[in-house]
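Novice: The structure follows.
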Amino acid sequence: SLARARAEAERRDQELQRESAAAADARREMEAAKARQRQVEERAAAAEESRRAKEAEAARAAEVAKGAEASEARLRAETRAAQVAARAHEQQLADRLRAAEAAVAQAKAKAVEDARARS
């Protein structure tokens with residue numbers, strides 16, 4: 486009966502050791518799973534950060550493009566205005582030249598008339 490009790494105690498002790506080892510294994514597996522989960526979350530966060538940075542870069546590029554388009558439109562408008570002004574100035578000069586030529590012709594005609602009148 487003492488030997489049986491000792492054997493039973495030994496058997497329980499071994500069972501307890503097996504359960505304890507199994508619990509330690511389960512704890513290690515759980516820690517490893519948590520570590521893998523943290524890695525997955527960190528990779529997901531890095532991917533999200535990268536996506537946000539790319540979106541921000543695309544938004545900046547779109548703003549730059551919009552600014553360039555606006556500059557180009559301003560430049561076209563300024564060019565058109567300068568062309569209109571140049572044509573108007575050219576027309577003014579042509580009008581003044583015609584008026585000067587007419588005045589010269591008139592002066593010549595008067596000089597001829599005066600010469601005739603004197604002779």
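Under our numbering, residues 486 to 604 are what the sequence shown spells out, in order.
Note that CB positions come from ideal geometry on N, CA and C, so glycine has one too.
#1: Near alanine 518, what residues of its chain come up, given a Cβ to Cβ distance below 8 Å and the 5 sequence neighbours on each side ignored?
#2: Return the CA-CA distance between alanine 567 and alanine 543, expressed in angstroms with no decimal places.
#3: Given alanine 546, which residues of its chain have a CB within under 7 Å of its CB, disregarding the five upstream and five downstream residues?
#4: Any idea what DSSP makes of serine 505, helix, strand or coil?
#5: Roughly how many whole angstroms lie between the Cα atoms of alanine 529 and arginine 521?
Specialist: Straight from the coordinates:
#1: none
#2: 36 Å
#3: none
#4: helix
#5: 12 Å
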